[in-house]
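S.K.: Structure incoming, see below.
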Amino acid sequence: MTDKLIHALVEMQETEALQQAKQLLDSGTDPMDILDACSKAMEKVGQRFEKGEYFLPHLMMAGEMLKQISDIIKPLIKEEKSTTEKRRVLIGTVKGDIHDIGKNIVTFLLEVNGFEVRDIGIDQPPEKFVESIQEFQPQVVGMSGLLSLAFDSMKETVEAIEKAGLREKVKIMIGGGQVTEQVKDYTGADALGPNAIAGVNLAKQWIGGK
Amino acid sequence: MKERFIEISPDADEKQEERFNIWRSGEGIPFVDNDTKAAYQERVTLIKDAIQLKKKPSRIPVCPSPSCFPIQNSKITMYEAMYNYEALTKVIEEYQDEFMTDVYNGPASLVSGKMLDILDFKLFAWAGHGVAKEQEYQFVEDEYMKAEEYQDLIDDPTAFFQNSYFPRIFGALTGLQKYPVLPIVHEILCVPPAVIPFSDEDMKSALQALMKAGDEALRFRTAVGKLSRNIMGKKGIPAFGGGFTKAPFDTIGDSLRGTKGVMLDIFRCPDELKEACERLTPIMVKAGVNACRASGHLMPLIPLHKGADGFLSDEQFQTFYWPTLRKLIIGLINEGMVPHLFAEGSYNQRLDIISDLPKGKALWLFDRTDMVKAKETVGRVACISGNFPIDLLITGTPDEVRAHCKQLIESVGKNGGYIFATGAGMSGAKAANVKAMIEAAKEYGASNT
């Protein structure tokens, strides 16, 4: 029943996808089933991205379609689906860097994949990361930065996390335009995600997920 | 409509030679002696030979991109660099004294902070104004043009920029909203409506802000320009750049619609996006040509952003990005210019497509692209440069830096058509690594041509 919706989402047909979602709702389909269909579609979009068939514009468009559909559907869902154990990711752009596009897209993809994400925003000092880890208790921390100057901020953030005695409790991944294996070693992070989907895969690898 | 910027014009070679001669003449530069002038001209010739692909240069020119490294390596902050012209010029001189490369890199990307303050510029955050005083400026990404406004942009780009865009990105220029658009003054009764807007108080304050900002920008340019000529005359090094323009798709994607906006437009309004890119093309050609003519140079820098691998599919690249970028390149070449294309990120997927250019007319600066592949493809028609990794300059040791220099030059530096450069600006680099890189590049570059 949701095949047409999935097809439209995967093929980037925005108008058709929204129409399908509305029709399904009107015909009495359980809103949760529609959201599940969206997740299935996103999985396929992710696969195409990994195969090199889809690129950033497709991820952006998928995000946009999904946002519009969930804006319609979320108010209709009475109970939030409670996951037995929370898989949490804390994410932010490090101190001195105000770029957020990469971070936003990773956040969106993590959420679609069932992670609970707290995005602490841009230009965040190490103290803020530490404070948020203490509060939110994530298993994974993502640090984003486009500038090469972000390398030092990432390093300082990892050191601050270590100093606060939290390093053993979290896996740390980094991402951003100039980030490489060499930078990963320099900062003391556990891994780097060369693209958005890679970031999601790292989180899955560390704390599970479909 | 006549198709322009597709074919190279018959006098392009001649025009390029003319532009190289102007650059090589060093007119207006106070050379300390004839040897220094000869050294200057030899360096221009090295770069010219590397670009034209006709002759092997006698050695590999060494031209890393300093970006904000000279400021970070000095005692002054970015704030001082943008607000104290004397302090800035001193730092630039110290950098050129300490790190002797084959070219002079003036603080082209640093502009007067006072000028920005007067205009209340919103498109960037800069030292003491949105970012810390120690920090380099950063772009503030937003949707500065709505998707519904494509038609306005297409109908009259100048009016769109002047009346809609400027009031959004310059707080002090909101009065320009009332600027009379294309006043038709061919009848006597049309004159009053063409001038009455200028009696408006908001308009007057916008025009005054522009005049004040202009004075400030000129003060900055005079200070930096004088110093630049002195350094070039003392050291015998030519300026590496002298103009700037952008790919039409990036002009829209970076500054008007934003990354998300332009990527959604690919699906939602592809025709408008394509038409707007076409509409901006002659304007971007002129921007590059005019800037180079003003500076006596011939290499407008074109930083490429959204054409990189991963940002677009091949099909999207070929549909939306490359056609008007190629036109921009051809338009510049036809005026004798050598487009200096900074391909940030990696372009491994694009190498075949971007090789479709006339021979010996452009310079590609690659960041993370596979240089061996670039040499086999783009390298057949254009000079290639770049790829020395910034992460190594920041996190590595001088020995690692030297080893990498050797490997890079040995793999792609032979047989000309190559300029040694960093993959991106050297912001954040360790001074010892920069020194090691320049020394090693000179050493291997002398024996490996």
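As given, the protein sequences belong to chains A and B, one line each in that order. Numbering-wise (this note's numbering), the first sequence opens with residue 1 and increments by one. Numbering-wise (this note's numbering), the second sequence opens with residue 211 and increments by one. Even for Gly, the Cβ is constructed at its ideal location relative to N, Cα and C.
Grouping DSSP H, G and I as helix and E and B as strand, with all else coil, what is Ala423/B?
M.R.: helix
S.K.: Can you confirm whether Glu620/B, when its beta carbon is compared against all beta carbons of chain A, has any partner nearer than 9 Å?
M.R.: no
S.K.: Out of Ile174/A, Phe151/A, Leu59/A, Val94/A, which one is the CA nearest neighbour of Thr605/B?
M.R.: Phe151/A
S.K.: Rounded to a whole number of angstroms, what is the C-alpha to C-alpha distance between Leu202/A and Ile476/B?
M.R.: 30 Å
S.K.: Taking 9 Å as the threshold (beta carbon to beta carbon), is Ala646/B in contact with chain A?
M.R.: no
S.K.: In the DSSP assignment, the beta strand (DSSP E) including Gly323/B goes from what residue to what residue?
M.R.: Per DSSP, Gly323/B is not a residue of any beta strand (DSSP E); the alpha helix (DSSP H) it occupies stretches across 323-329.
S.K.: Excluding the 5 residues preceding and the 5 following Tyr347/B in the sequence, name in chain order all residues of the same chain whose CB lies nearer than 6 Å to its CB.
M.R.: Phe334, Trp336
S.K.: Is DSSP giving Ser27/A helix, strand or coil here?
M.R.: coil
S.K.: Mapping the DSSP letters down to three states, classify Lys103/A as helix, strand or coil.
M.R.: helix
S.K.: If you measure from the beta carbon of Glu482/B to each beta carbon in chain A, is any gap under 9 Å?
M.R.: no
S.K.: Kindly list, in the order they appear in chain B, the residues whose Cβ is closer than 7 Å to that of Gly188/A.
M.R.: Result: empty, since nearest Cβ-Cβ is about 11 Å, beyond 7 Å.
S.K.: In chain order, what are the residue ranges of uninterrupted beta strand (DSSP E) at least 3 long that sit wholly in the stretch 170-205 of chain A?
M.R.: 171-175
S.K.: Should Ile600/B and Gly635/B be called a contact, given that it needs their Cβ atoms to be closer than 9 Å?
M.R.: yes
S.K.: With 9 Å set as the bound, which would you pick, yes or no: does the beta-carbon of Pro407/B sit closer than that to a beta-carbon of chain A?
M.R.: no
S.K.: Taking 9 Å as the CB-CB limit, is Asp562/B close to chain A?
M.R.: no
S.K.: Hey, quick one: how far does the beta strand (DSSP E) through Glu116/A stretch, first residue to last?
M.R.: 116-119 is the span of the beta strand (DSSP E), which, as asked, contains Glu116/A.
S.K.: What does Lys183/A reach in chain B if we use C-beta pairs closer than 9 Å?
M.R.: Per the sequence presented here, residue 183/A reads as Val, with Lys not at that position. Here the neighbours are Asp601, Ile604, Thr605.
S.K.: In three-state DSSP terms, what is Gln13/A?
M.R.: Look at Gln13/A here: in three-state DSSP terms it is coil, with no helix or strand label.
S.K.: Give me the subset of the stretch 461-476 of chain B whose CB atoms are less than 7 Å from a CB atom of chain A, sorted by chain position.
M.R.: Thr469, Lys470, Met473, Leu474, Ile476
S.K.: Could you give the distance in angstroms between the alpha-carbon of Lys171/A and the alpha-carbon of Pro194/A?
M.R.: Approximately 16 Å between the Cα atoms of the pair.
S.K.: Any contact between the stretch 48-65 of chain A and the stretch 168-182 of chain A? By contact I mean 3 or more CB pairs, one from each, below 8 Å.
M.R.: no
S.K.: Can you give me the Cβ contacts of Gly410/B inside the same chain, cut-off strictly under 6 Å, excluding the 5 residues immediately before and after it?
M.R.: It is Asp, not Gly, that sits at residue 410/B in the sequence shown. Closer than 6 Å at the Cβ level, and outside the excluded window around Asp410/B, lie Lys388.
S.K.: If the cut-off is 8 Å on Cβ atoms, which residues from the stretch 139-161 of chain A count as contacting chain B, listed in chain order?
M.R.: Leu147, Ser148, Leu149, Phe151, Asp152
S.K.: By the criterion of Cβ-Cβ separation under 7 Å, what are the contact partners of Gln345/B in chain A?
M.R.: One finds Gly96 in chain A with Cβ atoms closer than 7 Å to the Cβ of Gln345/B, taken in chain order.
S.K.: What does a CB cutoff of less than 7 Å around Asp580/B pick up in its chain, not counting 5 residues either side in sequence?
M.R.: Asn558
S.K.: Curious, which full-length alpha helix (DSSP H) runs of at least 4 residues does the stretch 124-175 of chain A contain?
M.R.: 126-136, 150-163
S.K.: For the alpha helix (DSSP H) that His58/A lies in, which residues bound it at each end?
M.R.: Element bounds for His58/A: 56-73.
S.K.: Determine, for Gln348/B, whether the minimum Cβ-Cβ distance to residues of chain A falls below 9 Å.
M.R.: yes
S.K.: Checking the sheet assignment: what are the DSSP bridge partners for Ser595/B?
M.R.: Leu575/B, Ile629/B.
S.K.: When you check each C-beta in the stretch 49-62 of chain A against every C-beta of chain B, which residues fall closer than 9 Å?
M.R.: Gly52, Glu53, Tyr54, Phe55, Leu56, Pro57, His58, Leu59, Met60, Met61
S.K.: Residues of chain C with CB under 7 Å from Phe521/B, in chain order?
M.R.: The displayed structure is made up of protein chains A and B, and chain C is not among them.
S.K.: Comparing the CB of Val313/B with every heavy atom of the ligand MG, is any distance shorter than 8 Å?
M.R.: Among the components of this structure there are no ligands whatsoever, and the ligand MG is therefore not found.
S.K.: In the structure shown, what three-state DSSP assignment does His550/B receive?
M.R.: strand
S.K.: By the three-class DSSP mapping on this structure, what secondary structure does Phe108/A have?
M.R.: helix
S.K.: Quick check on Pro513/B: does DSSP put it in helix, strand or coil?
M.R.: In the three-state reduction of the DSSP assignment, Pro513/B falls in the strand class, which pools E and B.
S.K.: Is the CB of Gln526/B under 9 Å away from at least one CB in chain A?
M.R.: yes
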